[in-house]
Structure formats: structure tokens, C-alpha cells
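Working notes, structure below.
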Amino acid sequence: MKKTLLSVALVLAALAFSLVSCNQGNNLPDGFKKNEQGLIYKYHNHGTGEATPKEGDFVTLSMSYTDGDTVLFDSKKLGYPMKLPMIKSTFKGDVYDGLSMMKVGDSVSIMCNADSVFLKLFRMPSVPPDMDSVKYIYFNMGLSNIQSAEQIQQEKEAETKALLEKEALLRNEYLAANYPDAVAAESGLYLISLNKGKGKKAEAGKTVKVHYTGKFLDGSVFDSSVEKGEPIEFILGQGQVIKGWDQGIGMMQVGDKAILVIPSDLAYGPGGRGSIPPSSTLVFEVELIDVN
0 MKKTLLSVAL VLAALAFSLV SCNQGNNLPD GFKKNEQGLI YKYHNHGTGE ATPKEGDFVT
60 LSMSYTDGDT VLFDSKKLGY PMKLPMIKST FKGDVYDGLS MMKVGDSVSI MCNADSVFLK
120 LFRMPSVPPD MDSVKYIYFN MGLSNIQSAE QIQQEKEAET KALLEKEALL RNEYLAANYP
180 DAVAAESGLY LISLNKGKGK KAEAGKTVKV HYTGKFLDGS VFDSSVEKGE PIEFILGQGQ
240 VIKGWDQGIG MMQVGDKAIL VIPSDLAYGP GGRGSIPPSS TLVFEVELID VN
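Here it is as C-alpha cells:
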């Protein structure tokens, strides 16, 4: 009996030593595992989701990554949900390999070779000088949603529709309060004449010189050649300016002053630009100074 117990004890001790030696050989931090694909990972939480994301899907997640000591990025500081398209992995055991095994509600940490992260995942020409001594980058990810490309497209279309409806409402309120008799051109552009000139008529292909002040519907100014003290020059009808300008200035002659109320589809559209938000109606006070 004693020999049997001793034999069992020796087997268990050998097994324990084997496991410890294996973990030390892999040189993995506590709790991390390495799968057949080369992914080094550690689960913190298992969610209730059933599906895992596949190539072409979009994932909504929280993500931070560190060099082991310093937080290099934290999606919480973005102020909005982080979304990524699922693409082919850039190297074995990268972020996309990690995401491909996750389900909604899962939170996981993965560790990746730093050189591969910078050169392959981030597509940088070289490893940043202050990172050349870093061996691993640690990614911490929490998956909150998985959507197909079709679902993302439907979501974008719904958002665009809502923005356009809001834009139309605000534009109509602005016109009713300021220019109740204004009539839209077929394109949707509004031109309200302030002063009629007697000079040359603007024509496509001609160079026009224009002074302008651009405003949002709330009256705040976002740009002004008047403040800069220098009018803008461009060739009319060549797409060098927004469509609303090509159309509106094309309806004027030298000496004319007018208000152009330009819907977003004739301005910067659903994407906006710089300080101009998506789907924004713009108001320009313009003066046609010269035509050549």
C-alpha cells in the first residue's frame, strides 16, 4: 500500500514539474496560453454571445494596448464606440486572430511580437525609436457587438436619412424666420438677392472674383474672405468649388450681392469637411466683384 501511494505521489510530482517546465519553456506570463495558430491569449471574462466574427464583419469593441508598462492607446478616450472591419490576420497571433475567437461579452488580453505589430499590423516603415527595446505589445479587448457588412450599410443609411430629415427641418425653420418668400431652384439652392449689379454676367469657363462670408444656420461664421481682406478667384463651372457655388454664382452678374442657402447635397454632403459637420446646410453672403 505504501509503495502504491509513493508511486502515485512520484507520478503527480513528475507531472507538476513537467507542467511548470513547459510553462517556463514557453516563457508566458501567468494565465496566458498559446494555441495552434500562434495566438498568445488570456481570457478575463466569457460573455453570453454565441457567434464569433468572420472576415467581412464589423466588430464594436473596447481596446487598449501597452508595452507592458505604459498605456499606448485606450479607446475609451475616443469618446465614441470603436468599430473595426474584420480582415485577414496580418501575422499569426495578431489582433484579428484574437477577435476571431471572441464572442460578444468576452474580454481577452493577447500579447504580440512588437516588431510584427509595428511593421505588419500598423504598417509602419520601421519600429519607432523609443520602441526598439520593447519585445511585446499587450492588447486588451472587450467585444460588445458583431455586425455584418449589410447591417453596417443599413445603419449608415438610417443615420444619413435621420440627418437629412433634421437638416431639412432646420433649413425650413431658418428660411421661414429669415426669408419666408424665398423660392428654391430645381436643385434645391436658394438665392436671395440683396443688391442688383449692372456688370458682366458670370459664365461657365470664366474666372470670377467673389467676396463671401460663410455661416451655419445658427449664424456662426466658419469662413470669410471679407475678414481675410482678399476675395476668392476660381473658374466657374469647373468643380473648383462646391456645386452650390457654381450654380449660385452662375446666376449672378458683377455688382450683385446675394444670400445663397445651400443644402448639404450641394455643399459637403454626408461626410462634412473640417469644421463643417455632416449634412449641414450652409449660408453664404456673396458679392460678385469681377468676371474675366
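Numbering-wise, numbering that gives the first Met the number 0 puts 111 at position 112 of the sequence shown, and it's gapless, one number per residue.
Ideal placement from N, C-alpha and C gives every residue a C-beta, glycine not left out.
Source: prediction; values computed, not measured.
State the Cα-Cα distance for the pair A201 and L216, rounded to the nearest angstrom. Each residue's Cα considered, the two are about 27 Å apart.
Could you give the C-beta distance for L98 and M140, rounded to a whole number, given that I count them as a contact under 8 Å? About 7 Å; that satisfies the 8 Å criterion.
Where DSSP assigns a beta bridge to F283, which residues make up the other side? Note: F283 sits in a beta bridge opposite G213 and L259.
Cβ-based burial, Q246 [other Cβ within 10 Å; buried from 16]: Flag for Q246 reads buried.
What distance in whole Å lies between the Cβ atoms of M85 and L60, which are believed to be in contact at a cut-off of 8 Å? Between L60 and M85, the beta carbon gap of about 11 Å keeps them out of contact (Cβ cut-off 8 Å).
Quick one: give me the first and last residue of the beta strand (DSSP E) that Q146 is part of. Counting along the chain, the beta strand (DSSP E) containing Q146 begins and ends at Y135 to Q146.
Could you spell out the range, first to last residue, of the beta strand (DSSP E) harbouring Y95? Unbroken run through Y95 is the alpha helix (DSSP H), V94 to S99; no beta strand (DSSP E).
From P277 to A176, what distance separates their C-alpha atoms? Roughly 23 Å between the two C-alpha positions.
Sorted by chain position, which residues of the same chain lie with C-beta nearer than 6 Å to R272's C-beta, five sequence neighbours on each side aside? Here the set comprises nothing.
Do the segment 87 to 96 and the segment 114 to 122 meet, that is, are 3 or more Cβ pairs less than 8 Å apart? Output reads yes: the segment 114 to 122 touches the segment 87 to 96.
Helix, strand or coil for A183? Go by DSSP, reduced to three states. Reduced to three states, the DSSP call for A183 is strand.
Would you please state the rounded distance, in angstroms, between the beta carbons of Q239 and K199? I believe it to be under 8 Å. Actually they are not in contact, since the Cβ atoms of Q239 and K199 sit about 19 Å apart, beyond 8 Å.
Going by other Cβ atoms of all chains shown within 10 Å of its Cβ, with 16 needed for buried, is M123 buried or exposed? M123 should be labelled exposed.
Go ahead and pull the three-state DSSP assignment for I241. Per DSSP, reduced to three states, the secondary structure at I241 is coil, with no helix or strand assignment.
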